[in-house]
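So the structure is just underneath, and the comments pick up after that.
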Amino acid sequence: MEQIGHYINGEHVAGTSGRTADVFNPATGEVQAQVALANQAEMDAAVAIAAAAQPAWAAQNPQKRARVMMKMVELLHRDMDKLAEALSREHGKTLPDAAGDVIRGLEVVEYCIGAPQMLKGEYTDGAGPGIDMYSMKQALGVCAGITPFNFPAMIPMWMFAPAIVCGNAFILKPSERDPSVPMMLAALMEEAGLPKGIMQVVNGDKEAVDAIIADPVIQSIGFVGSTPIAQYIYGGGCAAGKRVQCFGGAKNHAIIMPDADMDNVVDALIGAGFGAAGERCMALSVAVPVGKDTADRLIAAMIPKVESLKIGPYTGGNDVDFGPVVTSMAKEKINGLVQSGVDQGATMAVDGRDFSLQGYEDGFFVGATLFDNVTTDMDIYKQEIFGPVLCTVRADTYDDAIKMTMENEYGNGTAIFTRDGDTARDFANRINVGMVGVNVPIPVPLAYHTFGGWKKSAFGDLNQHGPDAFKFYTRTKTITSRWPSGAREGANFSIPTMG
Ligand code: NAD
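Okay, so the sequence shown: first residue is 682 according to our numbering, each after it adds one.
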């Protein structure tokens, strides 16, 4: 059985806590590896190595740090197939989708090549008589990132690339469900020229997370995962005086106006609702057709498309639309929620419950399910299902649809489908959601914009990647300097003003 330890100071090392977790191949249901789960002592040891290595890294000029990112982009392209295969084997998503996971991370590494420009700071010459004032952006020190299972390449890169290019050392605590790609990324960063100890991977579960919160040397925590854990880490990290940003769960609504191009809508909902088996924080999980006629046309067009979705292992070739979900626990949770939808009175338009794949009976496959006539008091509406299940909540009017979206506790992403610019513009302005698509189903901003939700989808005030990342991973220090001209004025007891 493969044993996955930690990546410490440039070496693969075995865990010493005595605790491990099984890593599955979701397509077959087999345990393919065991990953070590770190304790406080292992975390503290990694942090000590990071803290010792960080000052020399921060002292390198920003161009030299950016060159590591330049080389990393090249290595990611070189190893794309290898990374995608390892990712699919542990996560279950299709190979093209796994390559997309790597590429959306790579784009942030590319953006970080511009670090010298982003880290320039500010300068005022002659802020007062003989006085100059300048602000510099300095590294925080040792930063930590805690990441979810669903994007094991992209989300670690969204964190460690900006953190490291800003001059920090970084401890990554990836999901214990799919730890291999994060370990490969750390090794690639060193091949790209990063000194040992600047990027380390400490595998683990809650114990390792609590060790991060408790470690006084760690200056910042970035988290992406479910909302209850986001809230827990945000509270604990802030109370410990750290800089914290936590991104949580989602329930993304797609509003379908009567004038929308229905072919485009159906393609969009199929891809965004069922791609990656619905295990995306930007998946569209709620369809909100406006008016009875729109809803009837939508359901009629969706049923054959949902029924013909091809579900299979990542080794099944390009025909496979989506793979298994990540664990048997996830499968049980999804099936339980689907059953609750039936029990609470939703209409089952396509029933995926009995799906089984010949030769892969032990895999964690879940059939595609489409619900109609869902109401906002049902559990399938209130909870994040995180599976291949699309709920249709019919709305009488545009105002009802926008109100429903605004009253939902999550605010990660949303989309409107319409041919009317005025409606789209009104929606984009009024909606209380962080990322909005207009005839675009998954509006994930590109690397040079920022990514983040509102409401219970995010805690903290800065988004991921884009200019916000350079703010999150640096501290501003402002220096007011005056060089003596020879005149001595004695002490001044009023607050200094430059007037
Ligand atoms: P999760 O919250 O179970 O796990 C995320 C991380 O937290 C993992 O590293 C895990 O080891 C750790 N963790 C788990 N339980 C913990 C506990 N009790 N105490 C401390 N740490 C704990 O999330 P997941 O299942 O890996 O990922 C899916 C979730 O992530 C979904 O809710 C999805 O919407 C969300 N997500 C959000 C975004 C976003 O940008 N908002 C992006 C991707 C995923």
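Glycine included, each C-beta is placed from N, C-alpha and C at the ideal position.
Residue(s) in a DSSP beta bridge with residue i
| i | result |
| --- | --- |
| L990 | Per DSSP, none; premise fails for L990. |
| F904 | I827, C927 |
| L965 | N933 |
| M814 | T805, T1161 |
| P970 | I937 |
| F1003 | I992 |
| I899 | V823 |
| R1156 | Q819 |
Beta carbon of residue i nearer than 8 Å to that of residue j
| i | j | result |
| --- | --- | --- |
| G1115 | G1133 | yes |
| V694 | V704 | no |
| A825 | I879 | no |
| E791 | A1128 | yes |
| V946 | L1051 | no |
| I914 | V890 | yes |
| I902 | G885 | no |
| I980 | D1053 | yes |
| A726 | A850 | no |
| P843 | V862 | no |
| Q1122 | L990 | Reading off the sequence shown, one finds Pro at residue 1122, where the question assumed Gln. No. |
| F1153 | A941 | no |
| N701 | L718 | For the sequence presented, residue 701 should be read as Thr rather than Asn. Going by C-beta atoms, T701 is nearer than 8 Å to L718. |
| A740 | V846 | no |
| K1063 | T908 | no |
| T1104 | M938 | yes |
| D859 | E771 | yes |
| P1124 | M799 | no |
| I1083 | I1061 | no |
| V1007 | G773 | yes |
| P855 | V905 | no |
| T1131 | V1117 | no |
| T1161 | A808 | yes |
| G1068 | W1135 | no |
| A1246 | G929 | Residue coverage of the chain in this structure runs from 682 to 1180, which leaves residue 1246 outside it and unanswerable. |
| P876 | W738 | yes |
Bounding residues of the beta strand (DSSP E) (the contiguous stretch that carries residue i)
| i | result |
| --- | --- |
| Q1020 | Per DSSP, Q1020 belongs to no beta strand (DSSP E); it is in the alpha helix (DSSP H), 1009-1024. |
| L1051 | 1050-1053 |
| Y1062 | No beta strand (DSSP E) holds Y1062; the alpha helix (DSSP H) holding it covers 1060-1063. |
| M1029 | 1028-1031 |
| A808 | 803-809 |
First through last residue of the alpha helix (DSSP H) which encompasses residue i
| i | result |
| --- | --- |
| Y792 | 776-792 |
| M682 | Here M682 belongs to no alpha helix (DSSP H), and DSSP marks it neither H nor E. |
| V946 | 943-955 |
| E1206 | Because residue 1206 is not part of the residues shown, which for the chain are 682 to 1180, the question remains open. |
| A796 | 796-799 |
heavy atom of the ligand MN below 7 Å from residue i C-beta
| i | result |
| --- | --- |
| C962 | The ligand MN is not among the ligands present in this structure, which contains only the ligand NAD. |
Any chance you could list the beta strand (DSSP E) runs of at least 3 consecutive residues sitting entirely within the region 1067-1154, in chain order?
1070-1073, 1094-1098, 1116-1119
Can you find at least 3 beta carbon pairs, one from the region 1002-1016 and one from the region 1037-1056, that sit closer than 8 Å?
Taking a cut-off of 8 Å on C-beta distances, the region 1002-1016 touches the region 1037-1056, as three or more cross pairs fall below it.
Just to confirm the assignment: which complete alpha helix (DSSP H) runs, minimum length 4, are found wholly within the region 816-889?
835-846, 861-872
Meets three-Cβ-pair contact criterion under 8 Å: the region 952-960 and the region 773-789:
yes
When you compare the region 749-759 with the region 864-877, are there three or more beta-carbon pairs, one atom per stretch, that lie closer than 8 Å?
yes
Can you check the region 687-750 for any beta strand (DSSP E) of at least 3 residues that lies completely inside it and give the ranges in chain order?
687-689, 692-694, 701-706, 711-717
Would you call the region 757-764 and the region 923-934 touching, i.e. three or more CB-CB distances under 8 Å?
no
Within 8 Å, do at least three Cβ pairs link the region 706-722 to the region 815-823?
A contact is defined here as three or more CB-CB pairs under 8 Å, and the region 815-823 fails this definition with respect to the region 706-722.
Take every Cβ of the region 807-814, pair it with every Cβ of the region 1036-1044, and state whether three or more of those distances are shorter than 8 Å.
No, they do not touch.
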